[in-house]
Amino acid sequence: MLLESSDGTADYSGKIYITNDLGSTQGSVRLRASYNEVGTVAKPNFAIDRSTNDQAYDADPSALTYTNSLTIDGNNGYMGLGDITPDYLLELYDATSTPIFALSDDDVSHGFTDLAQADVFAHLSSLSTTAGGAQLQAFSDTDATGFTMKVGIGTTDPTDTTPAIKLIGGKLSGTTLGDLAAAETVFQVANNDNAAALTILGAGNVGIGNTAPTAFVQIEGTNKDSLTDTSDASQYYLMLRENSAVDSQGTGLAFVNAATGYVNNIGAALIFKRTGAYGQGELQFYTKQSTSDAADPVQAMVISNAGNLGIGAATPSEKLHIAGGNVLIGAQADVAGAFSKLTNTTAGTITASGTANIDKVTAAAILDGSLYIGTSETDSAEVYRYDSGTGWTKISQSTAGTIAEDGGANTAIDTISSMMVYNGSLYVGTTEGNEAEVYRYDGSTNWTVLNGTAGTFDTQTVVDGVTAMAVYKGNLYIGTTETDVAQVLRYDGGTTWTKANATAGAFSGAATIDSVTAMTVMDNYLYIGVSESNQAQIFKYSPNTGTPWTALNGTAGTFQTTANIDTVSAMTSWQHQLIFGTTELNSAEVYILDTTNGTSYPFRSLNASAGTIKTTASIDGVVGATVLNGILYITTSDSTALTELYSLDSTWTWTAVTGTAGTYITTANIDGTPVLISGNNALYLGTNEGNSAEVYKYTVTEAQSYALKFNAVSDNNGAAEASSNLNLGLLSFVAENQPFATTGSPNTGAFQFSHGIVTAFGAYDIAEDYPTRDDTLQPGDLVSVDPNEKGFVQKSAGSYESTLMGVYSEKPGMRLSQEDATINGGKAIPIALAGRVDVKVSTESGTIAKGDYITSSSTPGVAMKATRPGQVIGKALESLECPEPVEGLPQSCQGKIEVFINVSFADPNNFLASLTLDDEGNLIVPNLKVDKLAVSEELKVDGSLLAKNSAGEELTPTYTDITDPLKALAEIESKVKNLEDRVATQSAKLAQLEATSSASPSANNLNLTPPDILLATPSATLKASSLDVTSDASISGKLVAYEASISNIFKSLGETFLGNTLVAGDLTIDGTLSLSQNSLNSLTTLYIQNSPLTGGVDFFNGKVTFDKDGFLIAQKISAPEVTTNKLTISNTPIATGSATLGASIGTGKIPGGQTGVTINTDQVSTTSKIFVTLLTSSSGQALFIQTIEPGAGFTVSIDGPINHDIEFNWWIVESK
């Protein structure tokens, strides 16, 4: 020990150095005492230091360096451990996070290897040397459980993971400190009775009034069984209070999902907002409806202080106020995106104890709500109908591979390769080498083969397969497969088929196409997709044109930028756009054909890249496509067993519906899904896997059970039908109806209304869904029965059509429908059967006035006023008049008016009402106007018979009573002989016959018998040079005269034959047609060349003609307005810039690498307007008319050259 005394300096210090003798390199301890002079008072300080380096024990200890361990400040008595200037009575300082204060139990080890000292049962340590804080840990020697309390002080980041106070539980686990179990207690607060009021478990659960909380926060009580006083705050378990008394302020609860931070990421909130004094307020519910990070939750629901509930309405005015969207009451167990397997448990087997090891499900259709499928297996093709669960009925013959029992049908068939519902029946096509067939299903296991010889259709023989089917314009069409000679054929009944492409294997231009692989109908056209190595194509078919087939991709095998494509393997329409999928090894794609954006046939790939729909790459084929509830679905095929189901929504976003590629439910490594159809509000999928074919159902919304559902949209405007959306209607009910129930009230029906049904947006008709193949139908069109298919409708086609059904309703007030958007393969549309709707009408039969009966006109789908008895759809509630007529133009126009719908037979002019029947069943006609009246036996007239001519003048009838034809003939012959005897000579002059009023001629003239004797037979002849009759003369035989002059009126009640006739005045025919000077007028419709055997009509020596088909041919037509459904310009189109002169429409091409082409035609002038539309891509460049040479041609140009040809159509329209 070394003692160092003060030397009298200012600090008055003294030091004691203590070393040990344990070795030559041990340190020492220094005790220091000093006085600080504070004013005139010296106060003692005391410090204990320890050396920080080692020194020989006999060396001078003052040469060591020291650090302070303990300081006692003589000025205030503060003690510092590790702090030389303590600011508190006891201040501990440590620059590390190791424990700085510990309670030990006399060196008894607890076995904790993760503690600073094994004998410590409590210690205090620093949390952070920068942010501050301390940690207190205590451990029980009894149960080896522990407690840690962390206190963080000085942290500036409130989101710091180091909290201000943190309680941590732990227990002995081997030789280390382990976690507490989730249900073990970490912390409790108890009253003096030791009953825990607050408990925190190891899982973080907090219990208030509960020592074992199972929820994150669990509050319980024993004296809060009921709220006897709702205004007493002590009655509640939880209370949130806003202390301000300001209206519009309040308090609330926020709900947050996992997110980065909490600012702007509140997912939902419950807010109570003050709205008035005495605690009044409203409870608001907020949800975050935006995906933006900075978006605030918006109010979704509110309960006002008046008790009104608003959903989507911020200020509800009624007890329940709903704004926008749907209202669904009674929904149960809605499950989105659920797969269910419909076939037998064993893959490859459709039904229990049925054919096993089936390779493929290759075709499917839905008829009357039932699913039908066809399979493929060598020599063993079959057709099944799905019943329920995993139950199926085989409807082909018991012998696999045989469809029909007899009738020349084939056996050992390999594949059912196509299937379609047509005219209420199921049709299937087969594939078998050189022996393809088509069958119609007739119920049970009965089938009819529709081609007389297997493999033969029309003149084409040895056809391998029928690989596509579609219904187009009321006819069934099929596509075939046979190397180089693929065809499309129309079924004409019986076993008759007609080729739609004249040359087998070719549809537009020379080709040797192998197979028609896809078909669909859109916008009144038939579209087909074909397969040919590296030359896949799409064709459009319109039969009533000069060129029925049009190739939509100019280069075979190329769509957009992908070339050498083999097959168009799937096709459908979605939102009035053609969708098709292709098959090419590792390069499958989905394309859209959009003809609405002003260019011709633009193809656009919907893939991420060739072979990749979303994430799975190198896909070989898109083999299925359909639409369900407005969403496009496709299926793929891949040789690496990675088939998938994808969906594409209205935002053009693909979703892989199958979670794992190649897997449906538990079956994995599936190669393909060639069957994909929609029906019964679900998707049906058929798979392709060797010996393991299966059928699955994908239900988008499963197990729905609505007590009541309202679709709160203002109208549907045909949108649901156009996009193939789920047909919800405007008011739809799905509930149970038990008409044969034996308990309760079985006679109440499905629904019972105590009051009338009211629609807020003004819909007043009752509509029923009917299927149609006519996709040109629009709301307001008249529809009639489609004669081609059972239960289908089509657009009305002619005037007074007897098969009228009703009107395509734009916004039905009550719609009787189903969930599916299709019925037996046809689009379901609502047909108004009663009520009032807007109808397309024309003034074809005259101006329409309120109350007029309305029937069909000659314009398809358009109505007109009914003017004669016939079928009508109802009565006009509005008028329609044409604008001021233009001289020389017909005065017919079209529009829409409101019509009261009542499909019936009507007699607008009450003609039939004037007819009556007497007691004997005789028809009484008050007025009868005929050209000829033939009576086979007896004509009986009660009263007078009055005959008038067309001018209204009365005629005297002539009666002829022939009781016995033979007796009458004998009498006539006698009278003629008597007449011949009385004629003196044949040269007697009739002019000498001067008759008196009694018809007695003078003695020196010809003596004629009385008039009754002069009644001649039709073969009798009276000949004279002249005849002068001063009174009446009746000649019932033949009168032959060289010349006759009638000074007043000439009447002929029968047929009159005239040679060259000169009419000096007006000519009136039957009172309805008159020729007056240079005017031809008719009171009714004027028919010209109305006979089916007549020819054309020629005006102005050929300048204007109508041929017998009704085509107008004129040199020039000048009209202020022309309205037509289709404009055809008959002219020679120009294929290139060097084409023949004299055309006003044609096709041109700018060769690759050039910037323009000149079109030579003499039809262009300085006043011409030239329209150009693209046929191929221009790589984003616009085509423009650079120069016009009147009478010579014009130049079409682009800004810069591109590396491929640009084809375009052009049209010259002359303007004045």
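Under the UniProt record's numbering, the very last position in the sequence shown is 1216; numbers go up by exactly one each time. All residues carry an ideal CB built from backbone N, CA and C; glycine is no exception.
Over what stretch of residues does the beta strand (DSSP E) that includes residue i continue unbroken?
{"i": "ARG274", "result": "268-274"}
{"i": "ASP94", "result": "Taken as a continuous stretch (DSSP letters only), ASP94 belongs to no beta strand (DSSP E), as it is neither H nor E."}
{"i": "VAL466", "result": "465-472"}
{"i": "LYS394", "result": "391-394"}
{"i": "LEU816", "result": "814-816"}
{"i": "TYR66", "result": "66-72"}
{"i": "HIS321", "result": "320-322"}
Sort the options by Cα distance to residue i and report the nearest one.
{"i": "residue 1217", "options": "ILE677, ASN553, GLU220, ASN1160", "result": "Past the boundaries of the shown model lies residue 1217; the chain is included only from 1 to 1216, so the question cannot be answered."}
{"i": "GLY279", "options": "THR315, LEU1073, GLY312, LEU240", "result": "LEU240"}
{"i": "THR275", "options": "LEU201, GLY465, SER248", "result": "SER248"}
{"i": "LYS473", "options": "TYR527, THR517, VAL1196", "result": "TYR527"}
{"i": "ALA197", "options": "GLN188, LYS1051, TYR808", "result": "GLN188"}
{"i": "ALA551", "options": "ALA510, MET522, GLU584, GLN137", "result": "ALA510"}
{"i": "THR582", "options": "ALA409, LEU201, ALA365, ILE538", "result": "ILE538"}
{"i": "SER1168", "options": "GLY1156, ALA767, ILE1145", "result": "ILE1145"}
{"i": "ASN434", "options": "THR1072, THR453, VAL421", "result": "THR453"}
{"i": "LEU816", "options": "ARG836, MET805, PRO860, ASP765", "result": "ASP765"}
{"i": "ALA563", "options": "THR545, ALA536, ALA570, VAL785", "result": "ALA536"}
{"i": "LEU685", "options": "PHE339, GLU1189, ILE1113", "result": "PHE339"}
{"i": "SER380", "options": "ALA468, ALA1143, THR415", "result": "THR415"}
For residue i, which residues of its own chain have a beta-carbon under 8 Å away from its beta-carbon, when the five flanking residues on both sides are left out?
{"i": "GLY870", "result": "TYR800, SER802, THR855, PHE905, ALA906"}
{"i": "VAL206", "result": "LEU198, THR199, ILE200, PRO213, PHE216, VAL217, GLN218"}
Please report how far the alpha carbon of residue i lies from the alpha carbon of residue j, in whole angstroms.
{"i": "ALA1192", "j": "THR547", "result": "29 Å"}
{"i": "TYR491", "j": "LEU450", "result": "9 Å"}
{"i": "THR699", "j": "TYR384", "result": "21 Å"}
{"i": "PHE1171", "j": "PRO787", "result": "41 Å"}
{"i": "ASN75", "j": "LEU89", "result": "12 Å"}
{"i": "GLN284", "j": "GLU318", "result": "16 Å"}
{"i": "PHE101", "j": "ILE271", "result": "47 Å"}
{"i": "LYS827", "j": "ALA363", "result": "20 Å"}
{"i": "SER417", "j": "THR459", "result": "22 Å"}
{"i": "ASN501", "j": "THR287", "result": "60 Å"}
{"i": "PHE1100", "j": "LEU1127", "result": "25 Å"}
{"i": "LEU1080", "j": "ILE579", "result": "57 Å"}
{"i": "TYR706", "j": "GLN135", "result": "Per-residue confidence for TYR706 stands at a pLDDT of 47, beneath the threshold of 50, marking its modelled position as unreliable; the derived number appears in the next sentence. Their Cα atoms are separated by approximately 59 Å."}
{"i": "SER508", "j": "ASP514", "result": "14 Å"}
{"i": "THR498", "j": "TRP549", "result": "15 Å"}
{"i": "ALA122", "j": "ASN45", "result": "31 Å"}
{"i": "THR776", "j": "ASN524", "result": "6 Å"}
{"i": "VAL530", "j": "ILE631", "result": "25 Å"}
{"i": "ILE395", "j": "ILE350", "result": "13 Å"}
{"i": "GLU589", "j": "LEU606", "result": "7 Å"}
Evaluate residue i with the Cβ neighbour count: other Cβ atoms within 10 Å of its Cβ, from every protein chain shown; 16 or more gives buried, anything less gives exposed.
{"i": "GLY679", "result": "buried"}
{"i": "VAL186", "result": "buried"}
{"i": "PRO1120", "result": "exposed"}
{"i": "PHE733", "result": "The pLDDT assigned to PHE733 is 48, lower than 50, so where the model puts this residue is not dependable, and the model offers no usable value."}
{"i": "VAL298", "result": "exposed"}
{"i": "ALA913", "result": "exposed"}
{"i": "LYS790", "result": "exposed"}
{"i": "SER809", "result": "buried"}
{"i": "THR467", "result": "buried"}
{"i": "GLU382", "result": "buried"}
Looking only at its chain, what residues have a beta carbon closer than 6 Å to the beta carbon of residue i, apart from the 5 residues adjacent to it on each side?
{"i": "ALA661", "result": "THR616, LEU642, GLU644"}
Spatial neighbours of residue i within its chain, please: C-beta separation below 7 Å, excluding the five flanking residues on both sides.
{"i": "LYS614", "result": "ALA608, TYR646, TRP654, ALA656"}
{"i": "SER879", "result": "ILE848, ALA849, LYS850"}
{"i": "ALA254", "result": "ILE266, ALA269"}
{"i": "GLN1154", "result": "PRO1201"}
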